[in-house]
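In the numbering used here, the protein residues as written are 77 to 378. The beta carbon of each residue, even a glycine, is placed where N, CA and C say it ideally should be. One structure is given here, and the rest of the page talks about it.
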C-alpha cells in the first residue's frame with residue numbers, strides 16, 4: 077500500500093496516508109489512514125461514511141456534523157455510520173489515526189445494532205474496554221505507518237478469532253448494495269428473498285439506516301464521485317442521467333447529505349481531501365469509504 081509516512085513528511089505541511097489491512101481483514105476493514113495538520117490548524121469536510129475508529133495521537137481534534145450537534149470524541153472513539161457530512165478540525169501539528177469498519181466489520185468486531193450509533197460517537201473503551209487505552213499507548217509509541225498497521229492487524233485478527241460469523245443474509249445484502257444493481261427497496265427485498273418489512277427491520281441493525289436511506293446515500297455518493305472527476309467545463313447535468321429526475325432533485329439531495337449546494341461544495345479548498353480522494357480512487361477504484369466493495373476473491377475470516 078502506498079502512502080507517505082508521517083515520519084518522512086515536513087512537519088510544516090498537512091498530510092495524509094493510507095495502508096491496507098492484512099488480507100483476511102479486507103472484507104471487514106476498508107483502510108487504515110492518518111491525517112496530520114501542519115503549522116496551521118486544518119479543516120476538511122468528510123462525506124457520509126460507514127463506521128470509523130479514530131485515535132487522536134497528538135493535538136486536539138473536533139468534529140461538526142452539517143446537520144445536528146457537534147461531536148466531542150474522546151482520544152480513542154468509535155464514530156457510527158453517518159448519513160450526513162461532517163467537518164473535521166485539527167489544531168496545528170495534530171495527528172489522527174483511524175480505520176474504517178465496513179458493515180461486516182461492524183458485525184464481527186463491534187456487534188449490536190448499528191443504528192444505536194448512527195450519526196453518533198462514543199468512547200471505544202465502552203465497547204472494547206481496557207484494550208482501547210492499551211492500543212492508544214502502543215500506537216503512540218510506534219514509529220509510523222507500517223508499525224501502526226502491524227499493531228492494528230494484530231489486534232483485529234485476534235478479535236476475529238473470538239467473534240461469531242455474520243448472518244449470511246447480511247453478507248448478501250452488503251454484496252447487493254455494492255453491486256450497483258439495486259435501486260428500489262422492493263427490488264432489494266426481492267433479491268434477498270425476504271419481505272420489505274423484514275428488510276426494513278434488518279437494515280437498521282446491520283447498516284445503521286433503513287433501506288431507503290441506504291439506497292439514497294449510495295446513489296448520491298456515486299454521483300458525487302463522478303461529479304468531482306468531471307473534466308473542466310462539463311456540466312453536472314451531464315452525469316445525472318437515470319439517477320435523478322432533474323438537476324433540482326440532485327441539488328435537493330446534495331443539500332440533504334452535505335448541508336450545502338454543489339456549487340458551494342466545489343468552491344471549498346478541500347486541500348487534503350482532494351488528494352486523499354484521488355489517492356483512494358487510484359488504489360482502490362473509488363474515492364469514498366461507502367463506495368468500498370471488497371473483492372469477492374479476497375480471503376476473509378467470516
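According to DSSP, simplified to helix, strand and coil, what is residue 248?
Your numbering for residue 248 matches position 172 in the chain shown. In the structure shown, residue 248 sits in a helix (DSSP, three-state: H, G or I).
Coil, strand or helix - residue 320 by DSSP
Translated into positions along the chain shown, residue 320 becomes position 244. Here residue 320 sits in coil by DSSP.
Thinking just about the alpha-carbon of each residue, which of 126, 121, 175 and 177 is nearest to the one in residue 285?
Locating residue 285 in the chain shown gives position 209, where the first residue counts as 1. Ranking the options by Cα distance to residue 285, first place goes to 126.
Range covered by the beta strand (DSSP E) that runs through residue 155
Taking the first residue of the chain shown as 1, we reach residue 155 at position 79. First-last of the beta strand (DSSP E) with residue 155: 152-155.
On the three-state DSSP scale, how would you describe residue 107?
Looking up residue 107 in the chain shown gives position 31. Residue 107: strand per DSSP, three-state reduction.
If you run the structure through DSSP and keep just helix, strand and coil, what is residue 142?
Here residue 142 refers to the residue found at position 66 when the chain shown is read from its first residue. Residue 142: coil per DSSP, three-state reduction.
Which same chain residues, not among the five before or five after residue 344, have their C-beta less than 8 angstroms away from its C-beta?
Reading the chain shown from its first residue, position 268 is the one you call residue 344. Contacts found: 121.
Among the residues of its own chain, which have a CB less than 7 angstroms from the CB of residue 98, if the five just before and after it don't count?
Position 22 of the chain shown holds residue 98. Once the five neighbours on either side are set aside, the close Cβ partners of residue 98 are 229 and 233.
Of all the CB atoms in chain C, is at least one closer than 8 angstroms to the CB of residue 208?
Here there is only one protein chain, and chain C is not present.
Contained alpha helix (DSSP H) runs [length at least 4] in the stretch 284-349, N- to C-terminal order
287-304, 313-316, 323-334 and 338-343
Inter-residue Cα distance where the pair is residue 367 and residue 254
Your numbering for residue 367 matches position 291 in the chain shown. Your numbering for residue 254 matches position 178 in the chain shown. Spanning the two alpha carbons is a distance of roughly 7 angstroms.
With distances taken Cα to Cα, identify the nearest neighbour of residue 166 among 244, 151 and 216.
For the purposes of this step, residue 166 is identified with residue 90 of the chain shown, where counting begins at 1. When only C-alpha atoms are compared, the closest one is 151.
Look at the Cβ atom of residue 200, then the Cβ atom of residue 133, and state whether they are nearer than 8 angstroms.
Taking the first residue of the chain shown as 1, we reach residue 200 at position 124. Taking the first residue of the chain shown as 1, we reach residue 133 at position 57. Contact flag unset, no.
Measure the C-alpha to C-alpha separation of residue 373 and residue 102 and round it to an integer number of angstroms.
As a first step, residue 373 is located in the chain shown; it is residue number 297 there, counting from the start. As a first step, residue 102 is located in the chain shown; it is residue number 26 there, counting from the start. For residue 373, the pLDDT reaches just 49, beneath the cut-off of 50, and the residue's location in the model is therefore unreliable, leaving the point undetermined.
Start-to-end residues for the alpha helix (DSSP H) that takes in residue 209
Taking the first residue of the chain shown as position 1, residue 209 is located at position 133. 207-217 is the extent of the alpha helix (DSSP H) around residue 209.
Backbone CA spacing between residue 86 and residue 114 [nearest angstrom]:
Residue mapping note: residue 86 aligns to position 10 of the chain shown, counting from 1. Residue mapping note: residue 114 aligns to position 38 of the chain shown, counting from 1. Annotation note: pLDDT 41 at residue 86 (below 50); position unreliable, coordinate value reported separately. Taking the straight line joining both Cα atoms gives about 8 angstroms.
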